[in-house]
Amino acid sequence: MTYRVSISTAQMLGMIMGARQDPANSGYVMDYSLSTTDTNRWQFSLASKNDFDAFLAKPSNSRCLKITDAFSKPSSAGVPAALANPDTICRRAARSKRSYMCKDPHFYGNVMPQGDWVCKQIWCHKPNTRKCITAFSSDGLICGKNKRCNDGTCQDHPDTESAVVDPDCIWGDQAQVRYQTGNSKYKGDCAGLKRKYKNIACYNEDVARFCCGTCGKIYTGIKGCEYGDRHIHCNKHTQAQICDYFNDICCLFCQGYKKTRSSESSGNVSGVTIDRSFVTIKVINDLKIIPNEPYKQTPPPEED
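Per the numbering used here, residue 45 is the first one in the sequence shown, and the count goes up by one each step.
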(Lines of atoms letter the chains of each structure in order from A; the text may use other names.)
(Lines give C-alpha, C1' and ligand atoms only; values in the text may rest on other atoms or scores of the structure.)
Protein backbone atom coordinates (compact mmCIF):
# COMPACT_ATOMS: atom_id res chain seq x y z
CA MET A 45 0.00 0.00 0.00
CA THR A 46 1.11 3.56 -0.73
CA TYR A 47 -0.53 6.95 -0.41
CA ARG A 48 -1.55 6.61 -4.06
CA VAL A 49 -3.81 3.73 -2.97
CA SER A 50 -5.32 6.02 -0.33
CA ILE A 51 -6.16 8.54 -3.05
CA SER A 52 -7.74 5.82 -5.20
CA THR A 53 -9.80 4.65 -2.21
CA ALA A 54 -11.01 8.20 -1.54
CA GLN A 55 -11.99 8.54 -5.20
CA MET A 56 -13.95 5.28 -5.12
CA LEU A 57 -15.80 6.38 -1.98
CA GLY A 58 -16.51 9.71 -3.64
CA MET A 59 -18.01 7.95 -6.66
CA ILE A 60 -20.18 5.74 -4.43
CA MET A 61 -21.55 8.88 -2.79
CA GLY A 62 -22.36 10.56 -6.07
CA ALA A 63 -19.29 12.72 -6.71
CA ARG A 64 -18.43 13.28 -10.35
CA GLN A 65 -14.96 13.60 -11.80
CA ASP A 66 -13.34 17.01 -11.28
CA PRO A 67 -11.80 18.85 -14.24
CA ALA A 68 -8.22 17.86 -15.07
CA ASN A 69 -5.56 19.81 -13.18
CA SER A 70 -8.03 21.09 -10.57
CA GLY A 71 -5.94 19.27 -7.99
CA TYR A 72 -8.79 18.02 -5.77
CA VAL A 73 -9.50 14.42 -4.77
CA MET A 74 -11.81 13.68 -7.70
CA ASP A 75 -9.27 14.91 -10.26
CA TYR A 76 -8.05 11.64 -11.80
CA SER A 77 -4.90 13.33 -13.11
CA LEU A 78 -3.59 14.18 -9.62
CA SER A 79 0.16 14.70 -9.29
CA THR A 80 2.45 15.02 -6.28
CA THR A 81 2.55 18.81 -6.67
CA ASP A 82 -1.20 19.28 -6.20
CA THR A 83 -1.70 21.01 -2.85
CA ASN A 84 -5.48 20.38 -2.72
CA ARG A 85 -5.29 16.62 -3.02
CA TRP A 86 -6.35 16.19 0.61
CA GLN A 87 -9.69 17.93 -0.03
CA PHE A 88 -12.87 17.43 -2.01
CA SER A 89 -13.85 20.31 -4.28
CA LEU A 90 -16.97 22.44 -3.79
CA ALA A 91 -18.51 20.62 -6.75
CA SER A 92 -17.91 17.27 -5.01
CA LYS A 93 -19.45 18.60 -1.79
CA ASN A 94 -22.55 19.68 -3.72
CA ASP A 95 -22.76 16.19 -5.24
CA PHE A 96 -22.57 14.67 -1.74
CA ASP A 97 -25.38 16.94 -0.52
CA ALA A 98 -27.58 15.92 -3.43
CA PHE A 99 -26.82 12.24 -2.86
CA LEU A 100 -27.51 12.35 0.88
CA ALA A 101 -30.69 14.37 0.44
CA LYS A 102 -32.37 11.12 -0.60
CA PRO A 103 -33.52 9.20 2.51
CA SER A 104 -32.53 5.87 1.00
CA ASN A 105 -28.94 7.08 0.60
CA SER A 106 -28.56 8.81 3.98
CA ARG A 107 -29.79 5.81 5.98
CA CYS A 108 -26.25 4.42 6.28
CA LEU A 109 -25.12 7.52 8.17
CA LYS A 110 -27.56 6.70 10.96
CA ILE A 111 -25.94 3.35 11.69
CA THR A 112 -23.86 3.63 14.86
CA ASP A 113 -22.80 0.07 15.62
CA ALA A 114 -19.25 -0.84 16.62
CA PHE A 115 -18.16 -1.33 13.02
CA SER A 116 -18.88 2.30 12.16
CA LYS A 117 -16.46 3.75 14.69
CA PRO A 118 -13.28 5.29 13.20
CA SER A 119 -10.04 3.43 13.67
CA SER A 120 -7.06 4.97 15.47
CA ALA A 121 -4.50 2.35 14.51
CA GLY A 122 -1.93 4.94 13.48
CA VAL A 123 0.27 5.05 10.41
CA PRO A 124 1.39 1.69 8.94
CA ALA A 125 5.15 1.24 9.15
CA ALA A 126 5.37 0.91 5.36
CA LEU A 127 3.96 4.41 4.89
CA ALA A 128 6.42 5.88 7.39
CA ASN A 129 9.53 4.63 5.58
CA PRO A 130 10.41 6.61 2.42
CA ASP A 131 12.50 3.79 0.92
CA THR A 132 9.51 1.46 1.25
CA ILE A 133 7.26 4.10 -0.30
CA CYS A 134 9.66 4.36 -3.24
CA ARG A 135 9.90 0.60 -3.75
CA ARG A 136 6.13 0.28 -3.81
CA ALA A 137 5.51 3.39 -5.89
CA ALA A 138 8.08 2.28 -8.49
CA ARG A 139 7.04 -1.36 -8.19
CA SER A 140 10.68 -2.32 -7.89
CA LYS A 141 12.91 -3.52 -5.07
CA ARG A 142 15.74 -1.47 -6.55
CA SER A 143 14.10 1.90 -5.94
CA TYR A 144 15.03 4.06 -2.96
CA MET A 145 14.67 7.64 -1.77
CA CYS A 146 16.91 10.16 -3.54
CA LYS A 147 18.31 12.35 -0.76
CA ASP A 148 20.21 14.99 -2.71
CA PRO A 149 19.38 18.36 -1.07
CA HIS A 150 18.67 20.02 -4.42
CA PHE A 151 15.48 17.93 -4.61
CA TYR A 152 14.32 19.46 -1.32
CA GLY A 153 15.00 23.18 -1.50
CA ASN A 154 18.77 22.74 -1.00
CA VAL A 155 18.37 21.32 2.50
CA MET A 156 18.56 17.76 3.73
CA PRO A 157 15.20 15.98 3.28
CA GLN A 158 12.91 17.39 5.96
CA GLY A 159 10.06 19.79 6.66
CA ASP A 160 7.26 20.64 4.24
CA TRP A 161 9.44 19.53 1.32
CA VAL A 162 9.04 15.84 2.20
CA CYS A 163 5.40 16.18 3.21
CA LYS A 164 4.32 17.17 -0.30
CA GLN A 165 6.38 14.63 -2.23
CA ILE A 166 9.53 12.57 -2.04
CA TRP A 167 11.96 11.76 -4.84
CA CYS A 168 12.67 8.15 -5.76
CA HIS A 169 15.38 6.56 -7.87
CA LYS A 170 13.90 5.18 -11.08
CA PRO A 171 15.51 1.75 -11.61
CA ASN A 172 17.55 1.19 -14.77
CA THR A 173 18.00 4.95 -15.18
CA ARG A 174 20.00 7.75 -13.60
CA LYS A 175 16.86 9.70 -12.81
CA CYS A 176 14.65 10.44 -9.83
CA ILE A 177 10.87 10.64 -10.05
CA THR A 178 8.33 11.82 -7.50
CA ALA A 179 6.10 9.75 -5.24
CA PHE A 180 3.23 10.76 -3.00
CA SER A 181 4.25 11.39 0.61
CA SER A 182 2.15 9.91 3.38
CA ASP A 183 0.59 11.52 6.41
CA GLY A 184 2.52 10.36 9.47
CA LEU A 185 5.93 10.50 7.78
CA ILE A 186 8.54 11.92 10.19
CA CYS A 187 9.66 15.29 8.84
CA GLY A 188 11.70 16.68 11.73
CA LYS A 189 12.42 16.37 15.43
CA ASN A 190 9.04 15.90 17.15
CA LYS A 191 7.30 16.52 13.81
CA ARG A 192 5.26 14.47 11.34
CA CYS A 193 3.54 15.18 8.04
CA ASN A 194 -0.15 16.03 8.02
CA ASP A 195 -2.08 17.23 4.95
CA GLY A 196 1.11 18.22 3.15
CA THR A 197 2.76 20.22 5.92
CA CYS A 198 5.25 19.36 8.65
CA GLN A 199 3.47 19.76 11.98
CA ASP A 200 4.33 19.32 15.65
CA HIS A 201 3.73 15.71 16.68
CA PRO A 202 5.87 14.71 19.68
CA ASP A 203 6.28 10.96 20.13
CA THR A 204 9.02 8.56 21.13
CA GLU A 205 10.11 7.86 17.54
CA SER A 206 10.21 11.41 16.17
CA ALA A 207 11.81 12.76 19.36
CA VAL A 208 15.14 11.06 18.73
CA VAL A 209 15.76 11.83 15.03
CA ASP A 210 18.51 14.07 13.71
CA PRO A 211 16.73 16.68 11.54
CA ASP A 212 19.61 16.57 9.05
CA CYS A 213 19.65 12.77 8.87
CA ILE A 214 16.09 11.64 9.55
CA TRP A 215 16.27 8.38 7.57
CA GLY A 216 20.01 7.74 7.61
CA ASP A 217 22.15 6.94 4.58
CA GLN A 218 20.89 6.99 1.01
CA ALA A 219 20.46 3.33 0.09
CA GLN A 220 22.97 3.50 -2.78
CA VAL A 221 25.72 5.97 -3.68
CA ARG A 222 28.15 6.36 -6.59
CA TYR A 223 31.63 7.86 -6.10
CA GLN A 224 34.99 7.84 -7.74
CA THR A 225 38.57 8.71 -6.90
CA GLY A 226 40.97 8.84 -9.81
CA ASN A 227 40.26 5.79 -11.94
CA SER A 228 38.63 3.91 -9.09
CA LYS A 229 34.84 3.91 -8.97
CA TYR A 230 32.44 2.74 -6.29
CA LYS A 231 28.75 1.90 -6.39
CA GLY A 232 27.10 0.50 -3.31
CA ASP A 233 26.04 1.42 0.19
CA CYS A 234 27.74 3.91 2.49
CA ALA A 235 29.14 1.27 4.82
CA GLY A 236 31.03 -0.25 1.90
CA LEU A 237 32.25 3.18 0.82
CA LYS A 238 33.74 3.78 4.27
CA ARG A 239 35.38 0.35 4.26
CA LYS A 240 37.02 1.15 0.92
CA TYR A 241 38.12 4.75 1.50
CA LYS A 242 38.13 4.84 5.33
CA ASN A 243 37.25 7.93 7.37
CA ILE A 244 38.63 10.34 4.80
CA ALA A 245 35.57 9.77 2.60
CA CYS A 246 33.41 11.62 5.13
CA TYR A 247 35.51 14.77 4.76
CA ASN A 248 33.87 15.19 1.37
CA GLU A 249 30.80 17.38 1.93
CA ASP A 250 28.58 15.39 -0.42
CA VAL A 251 29.60 12.08 1.12
CA ALA A 252 28.84 13.43 4.59
CA ARG A 253 25.32 14.35 3.44
CA PHE A 254 24.41 11.22 1.48
CA CYS A 255 26.06 9.01 4.11
CA CYS A 256 24.96 11.05 7.11
CA GLY A 257 24.22 7.93 9.17
CA THR A 258 27.58 6.25 8.54
CA CYS A 259 29.58 9.47 8.88
CA GLY A 260 27.57 10.54 11.91
CA LYS A 261 28.77 7.46 13.79
CA ILE A 262 32.40 8.58 13.52
CA TYR A 263 31.80 12.33 13.94
CA THR A 264 34.13 13.64 16.64
CA GLY A 265 32.92 17.22 17.03
CA ILE A 266 36.55 18.38 16.89
CA LYS A 267 37.03 21.32 14.55
CA GLY A 268 39.37 20.38 11.71
CA CYS A 269 39.24 16.73 12.76
CA GLU A 270 35.52 16.07 12.44
CA TYR A 271 35.90 12.50 11.17
CA GLY A 272 39.19 11.48 12.70
CA ASP A 273 42.51 10.65 11.08
CA ARG A 274 42.89 11.12 7.35
CA HIS A 275 45.28 8.18 7.02
CA ILE A 276 44.98 4.56 8.13
CA HIS A 277 48.61 4.22 9.26
CA CYS A 278 48.68 6.88 11.97
CA ASN A 279 48.45 4.45 14.87
CA LYS A 280 51.28 2.30 13.48
CA HIS A 281 53.74 4.85 14.86
CA THR A 282 54.23 6.69 18.11
CA GLN A 283 53.08 10.26 18.62
CA ALA A 284 56.71 11.34 19.00
CA GLN A 285 57.50 9.94 15.58
CA ILE A 286 54.76 11.61 13.58
CA CYS A 287 52.86 14.31 15.43
CA ASP A 288 55.45 17.06 14.93
CA TYR A 289 55.09 16.68 11.17
CA PHE A 290 51.76 14.99 10.40
CA ASN A 291 49.36 16.27 13.04
CA ASP A 292 47.06 17.59 10.29
CA ILE A 293 46.74 14.09 8.82
CA CYS A 294 46.75 12.21 12.12
CA CYS A 295 44.65 14.81 13.90
CA LEU A 296 42.80 12.39 16.19
CA PHE A 297 45.80 10.22 16.98
CA CYS A 298 47.78 13.35 17.86
CA GLN A 299 45.13 14.84 20.15
CA GLY A 300 46.78 15.98 23.38
CA TYR A 301 50.30 15.66 22.01
CA LYS A 302 52.70 18.38 23.09
CA LYS A 303 55.31 19.42 20.55
CA THR A 304 58.80 18.28 21.56
CA ARG A 305 60.84 20.02 18.85
CA SER A 306 61.13 23.71 18.25
CA SER A 307 59.30 25.26 15.32
CA GLU A 308 62.68 25.97 13.75
CA SER A 309 63.50 22.29 13.41
CA SER A 310 64.03 21.38 9.80
CA GLY A 311 63.21 18.10 8.15
CA ASN A 312 61.64 14.95 9.46
CA VAL A 313 64.36 13.59 11.71
CA SER A 314 62.18 10.68 12.83
CA GLY A 315 62.52 9.00 9.44
CA VAL A 316 58.79 8.26 9.34
CA THR A 317 56.93 9.08 6.13
CA ILE A 318 53.17 9.34 5.61
CA ASP A 319 51.78 9.97 2.16
CA ARG A 320 50.26 13.45 2.02
CA SER A 321 48.43 12.84 -1.24
CA PHE A 322 44.95 12.74 0.27
CA VAL A 323 42.41 10.54 -1.41
CA THR A 324 39.92 12.79 -3.18
CA ILE A 325 36.41 11.43 -3.27
CA LYS A 326 34.31 12.96 -6.04
CA VAL A 327 30.56 12.61 -6.34
CA ILE A 328 29.09 11.24 -9.52
CA ASN A 329 25.91 13.25 -9.09
CA ASP A 330 23.99 11.61 -11.92
CA LEU A 331 20.59 11.28 -10.30
CA LYS A 332 18.56 13.93 -12.10
CA ILE A 333 15.04 15.26 -11.81
CA ILE A 334 12.60 14.33 -14.54
CA PRO A 335 9.14 15.90 -15.03
CA ASN A 336 6.26 14.53 -13.00
CA GLU A 337 4.57 11.63 -14.68
CA PRO A 338 0.76 11.77 -14.87
CA TYR A 339 -1.20 9.96 -12.19
CA LYS A 340 -2.03 6.44 -13.29
CA GLN A 341 -4.66 4.20 -11.75
CA THR A 342 -2.78 1.09 -12.88
CA PRO A 343 0.89 0.90 -11.78
CA PRO A 344 3.56 -0.50 -14.09
CA PRO A 345 4.52 -4.18 -13.74
CA GLU A 346 6.96 -5.05 -10.98
CA GLU A 347 10.61 -5.48 -11.91
CA ASP A 348 12.68 -8.40 -10.72
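Every residue gets a Cβ at the ideal spot worked out from N, C-alpha and C, and that includes glycine.
#1: Measure the alpha-carbon distance for S206 versus C198 and round it to whole angstroms.
#2: Would L57 be called buried (16 or more neighbouring beta carbons within 10 Å of its own) or exposed?
#3: Would you call the stretch 218-230 in contact with the stretch 184-198, where contact means no fewer than 3 C-beta pairs closer than 8 Å?
#4: Within 10 Å of its beta-carbon, does S106 have 16 or more other beta-carbons around it, so buried, or fewer, so exposed?
#5: Looking at the structure shown, is K170 part of a helix, part of a strand, or coil, going by DSSP?
#6: Name the one or two DSSP bridge partners that R139 has.
#7: Thinking C-alpha only, which one of C278, G236 and D183 is nearest I51?
#8: Thinking C-beta only, is W161 closer than 9 Å to M145?
#9: Give the DSSP bridge partners of R222, in chain order.
#10: For a test of the three-state rule: what should DSSP assign to F180, helix, strand or coil?
#11: If we count the other Cβ atoms within 10 Å of its Cβ and call it buried at 16 or more, is S228 buried or exposed?
#12: At what residues does the beta strand (DSSP E) containing Q199 begin and finish?
#13: Just list the residues that DSSP pairs K303 with in beta bridges.
#14: Would V313 be called buried (16 or more neighbouring beta carbons within 10 Å of its own) or exposed?
#15: Expressed to the nearest angstrom, what Euclidean distance is found between the alpha-carbon atoms of T41 and M61?
#16: Among L100, D250 and N243, which one has its Cα closest to the Cα of E270?
Taking the geometry as given:
#1: Residue numbering aside, residue 206 sits at position 162 when the sequence shown is read from its first letter. Residue numbering aside, residue 198 sits at position 154 when the sequence shown is read from its first letter. Answer to the nearest angstrom: the Cα atoms are 12 Å apart.
#2: Numbered from its first residue, the sequence shown carries residue 57 at position 13. Classification of L57: exposed, given that the 10 Å Cβ count is below 16.
#3: No, the stretch 218-230 does not touch the stretch 184-198.
#4: Along the sequence shown, one-based indexing puts residue 106 at 62. Flag for S106 reads exposed.
#5: What you label residue 170 is simply residue 126 of the sequence shown in a count that begins at 1. If DSSP states are grouped into helix, strand and coil, K170 belongs with the strands.
#6: Counted from its first residue, the sequence shown places residue 139 at position 95. Partner(s): none; R139 has no beta bridge.
#7: Here residue 51 refers to the residue found at position 7 when the sequence shown is read from its first residue. When the alpha-carbon of I51 is set against those of C278, G236 and D183, the nearest one is in D183.
#8: Numbered from 1 along the sequence shown, position 101 holds the residue referred to as residue 145. Numbered from 1 along the sequence shown, position 117 holds the residue referred to as residue 161. No, the Cβ-Cβ distance between M145 and W161 is not below 9 Å.
#9: Walking along the sequence shown from the start, residue 222 turns up at place 178. Note: R222 sits in a beta bridge opposite K231.
#10: The residue given as residue 180 occupies position 136 in the sequence shown. Annotated three-state conformation of F180 is strand, per DSSP.
#11: Within the sequence shown, numbered from 1, the residue matching residue 228 stands at position 184. Exposed is the call here.
#12: Stepping through the sequence shown from its first residue, residue 199 is reached at position 155. Looking at the DSSP string, the run of the beta strand (DSSP E) that includes Q199 is T197 to D200.
#13: Locating residue 303 in the sequence shown gives position 259, where the first residue counts as 1. Answer is none; K303 lacks a bridge partner.
#14: By 1-based counting over the sequence shown, the position of residue 313 is 269. The predicted model places V313 with a pLDDT of 48, which falls under 50 and marks its position as unreliable; any figure quoted below should be read in that light. The residue is exposed, with fewer than 16 neighbouring Cβ atoms inside 10 Å.
#15: With the chain running from 45 to 348 in the structure shown, residue 41 is simply not present.
#16: Position 226 of the sequence shown, counted from the start, is the residue given in the question as residue 270. When only C-alpha atoms are compared, the closest one is N243.
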